[in-house]
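Q: One structure coming up, written as structure tokens, with questions to follow.
2 protein chains.
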Amino acid sequence: MTPAPIPLHPAPEVALDAVFFALSDPVRRAILERLDEGALLVSELAAPFDISLQAVSRHIQVLVRAGLVHQARSGRISRCTLDAAPLHDAAVWMNRYAKYWQAGFDTLAKHLLRLDDERAQSKKDDR
Amino acid sequence: MTPAPIPLHPAPEVALDAVFFALSDPVRRAILERLDEGALLVSELAAPFDISLQAVSRHIQVLVRAGLVHQARSGRISRCTLDAAPLHDAAVWMNRYAKYWQAGFDTLAKHLLRLDDERAQSKKDDR
DNA sequence: TTGAGAGTCAACTAATTGGTTGATTATGTA
DNA sequence: TACATAATCAACCAATTAGTTGACTCTCAA
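Protein chains in written order, with the numbering used here: chain A, 9 to 135; chain B, 9 to 135.
Structure representation (structure tokens):
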């Protein structure tokens, strides 16, 4: 009997957890911004930061766990590349709320919200 | 001499930290999804979850800290409403990477990446 | 072969997180 | 008034996080 296969991709929900968590740190966001301009070594990524190389290495591993960075080790060096695909899933999730900041919201939707608030207020007052 | 005024809005970087962190938990994302359909009380928000009301109350406070939820207390009850504005800032940050998943990436950009990988590979080989 | 460099692993610490239960505050209501 | 309800506060616990330093592996080069 073979052991249960390890799933190649985590459940989408868990993946979103990891992606958003990875984005919640300024060092990790800065790493992603630098990788957007091209592949870099761990030591090159670490140079601008005022923390140890080990700390940066672990930040990179958080990004790898989220699927946002790939590491290609070749000898001593480890070339880090961006993989923006998981960001797409996160953007899709956030798209649900795009209606709130798209053109027209300031006039129409905020007005509707204000009406809603006033309705709730009057509902409270007439008890 | 008056004390230094407390800034109304945190620095944008810190705000992104709080927003992405708030999104990194499935309970908090579910709360935002429910609030997208209308304002709800804390107890209404808590009902579907298998954790204590206190735990949900603290999740809501994480969302409030991120500016994603407003609470209007009126007597015993606390009406929670969605504020998607901070999500906009997060979406703007993520937009930098939209080029990777937009149409044409599969053919053009991945090809460029492959070229880049091959260049790096040959650079390594000829030492 | 010897040593320096790139990177990770391991152990430790302090702070934060996410959950719990119990007490407390404040407001409706019988 | 007395009691139930809505919600938060406070204390506690286990797990995780983000940083440190030190040891280790592996590779390149003198």
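Just so it is clear, CB atoms sit at the ideal spot from N, CA and C, and this is done for glycine as well.
Taking CB distances under 9 Å as the criterion, tell me whether residue 51 of chain A reaches chain B.
A: Closer than 9 Å: no.
Q: Which residues, in chain order, does the stretch 23-40 of chain B contribute to contact with chain A at a C-beta distance below 9 Å?
A: Answer set for the stretch 23-40 of chain B: 24, 25, 26, 27, 28, 29, 30, 31, 32, 33, 34, 37 and 40.
Q: Which two residues bound the contiguous alpha helix (DSSP H) that contains residue 67 of chain A?
A: Element bounds for residue 67 of chain A: 61-73.
Q: Nearest CA to the CA of residue 21 of chain B: which residue from A/61, A/19, A/33 and A/23?
A: It is A/33 whose Cα lies nearest to the Cα of residue 21 of chain B.
Q: At 8 Å on the CB atoms, spell out the chain B contacts of residue 44 of chain A, in chain order.
A: Within chain B, the residues near residue 44 of chain A are 104 and 105.
Q: Terminal residues of the continuous alpha helix (DSSP H) containing residue 51 of chain A?
A: 50-54 is the span of the alpha helix (DSSP H), which, as asked, contains residue 51 of chain A.
Q: Quick check on DSSP: helix, strand or coil for residue 133 of chain A?
A: Low confidence applies to residue 133 of chain A: its pLDDT is 37, below 50, so where it sits in the model is not reliable, and the reading given next is rough at best. DSSP places residue 133 of chain A in helix when its eight states are reduced to three.
Q: Report the residue from B/18, B/102, B/96 and B/84 whose alpha carbon sits nearest the alpha carbon of residue 96 of chain A.
A: Selected option, being the one with the closest Cα: B/102.
Q: Output, in chain order, the set of chain A residues within a Cβ distance shorter than 7 Å of residue 96 of chain B.
A: By Cβ distance, chain A contributes 109.
Q: Beta-carbon within less than 7 Å of residue 54 of chain A's beta-carbon, same chain only, minus the 5 sequence neighbours each way: which residues are those?
A: If we look at residue 54 of chain A and ignore the five residues flanking it on each side, its Cβ neighbours are 61 and 64.
Q: Got a sec: is the Cβ-Cβ distance from residue 92 of chain A to anything in chain B below 9 Å?
A: By this cut-off, residue 92 of chain A is an interface position.
Q: If we define contact as Cβ-Cβ less than 9 Å, is residue 99 of chain A a contact residue for chain B?
A: Yes, because at least one Cβ of chain B sits closer than 9 Å to the Cβ of residue 99 of chain A.
Q: Would you kindly work out how many angstroms separate the C-alpha atoms of residue 88 of chain B and residue 45 of chain B, rounded to a whole number?
A: So the two alpha carbons sit approximately 12 Å from each other.
Q: Taking the alpha-carbon of residue 58 of chain B as reference, which of B/49, B/35, B/40 and B/68 has the nearest alpha-carbon?
A: If we check each option's Cα against that of residue 58 of chain B, B/35 comes out closest.
Q: Going along the chain, which residues of its own chain have a beta-carbon closer than 8 Å to the beta-carbon of residue 75 of chain B, five neighbours each way excluded?
A: Cβ within range, chain order: 23, 26, 27, 91, 93 and 94.
Q: Just tell me which of A/109, A/110, A/107 and A/85 has its CA closest to the CA of residue 52 of chain A.
A: Residue 52 of chain A has its Cα closest to that of A/85, out of A/109, A/110, A/107 and A/85.
Q: Which same chain residues end up closer than 8 Å to residue 73 of chain B when comparing Cβ atoms and leaving out the 5 residues on each side of it in sequence?
A: Correct list, in chain order: 26 and 30.
Q: Are there 16 or more other CB atoms within 10 angstroms of the CB of residue 67 of chain B, so buried, or fewer, so exposed?
A: That one is buried.
Q: Using CA atoms only, rank isn't needed, just tell me which of A/17, A/41, A/42 and A/49 is closest to residue 79 of chain A.
A: For the residues A/17, A/41, A/42 and A/49, the minimum Cα distance to residue 79 of chain A belongs to A/49.
Q: Going by alpha carbons, who is nearest to residue 107 of chain A out of B/99, B/108 and B/104?
A: Minimum Cα distance to residue 107 of chain A is reached at B/99.
Q: Residue 90 of chain B by DSSP, collapsed to three states: which one?
A: Reduced to three states, the DSSP call for residue 90 of chain B is strand.
Q: Provide the residue span of the beta strand (DSSP E) that contains residue 81 of chain A, from first to last.
A: It spans 77-82 - the beta strand (DSSP E) in which residue 81 of chain A sits, taken as one unbroken run.
Q: Are residue 40 of chain A and residue 77 of chain A closer than 9 Å when you measure CB to CB?
A: Contact: yes.
Q: Cα-Cα, which of B/47, B/42, B/38 and B/110 is closest to residue 81 of chain B?
A: Closest by alpha carbon: B/47.
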